[in-house]
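Engineer: Okay, handing you the structure first.
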Amino acid sequence: MIASNTTIQTARARLYMRLLYKHFGHLVDVERNGESACLIKFGFGTGDMTTVDDELTLTARADDEMSLARVETVLESHLERFAFREGLIVNWSRAYRKSSTQRVD
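The sequence shown maps to residues 924 to 1028 in the working numbering.
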């Protein structure tokens, strides 16, 4: 599994998370964890959203690069629609999990 994340500074962090949660809730499975976190389950990967004060952190996870890019694009494009007045900048940072391999004799 590979992942990427971005943290966006905005005074409306919780509002945008709530709007995205409600929007995606009409389309795919979503789980909310209190007022400051949620998980969106796409068929091709997942998106986590968390808020702390004036920060909205998005984390995309998927099994391959193409699916990860798709999760990033979906999250980013929807956030940009809801936050069009702010002109938010989204810079994704990739994080690769090292897989362990075992030798079988």
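Glycine included, C-beta positions come from ideal geometry on N, C-alpha and C.
Given the structure is predicted, the values throughout are model-derived calculations rather than measurements.
For GLN1025, which three-state DSSP category applies?
Structural biologist: Residue mapping note: residue 1025 aligns to position 102 of the sequence shown, counting from 1. Because GLN1025 sits at a pLDDT of 40, beneath the cut-off of 50, its placement in the model cannot be relied upon, and the point is left open.
Engineer: Is TYR944 near PHE1005, with beta carbons less than 8 Å apart?
Structural biologist: Residue mapping note: residue 944 aligns to position 21 of the sequence shown, counting from 1. Residue mapping note: residue 1005 aligns to position 82 of the sequence shown, counting from 1. Result no, Cβ atoms of TYR944 and PHE1005 do not sit closer than 8 Å.
Engineer: Rounded to whole angstroms, what's the CA-CA distance from HIS946 to GLU1009? Just pull it up for me.
Structural biologist: One-based indexing of the sequence shown puts residue 946 at position 23. One-based indexing of the sequence shown puts residue 1009 at position 86. Each residue's Cα considered, the two are about 19 Å apart.
Engineer: What's the gap between the Cα of SER927 and the Cα of THR980?
Structural biologist: As a working mapping, residue 927 is identified with position 4 in the sequence shown. As a working mapping, residue 980 is identified with position 57 in the sequence shown. Those two C-alpha atoms are separated by around 11 Å.
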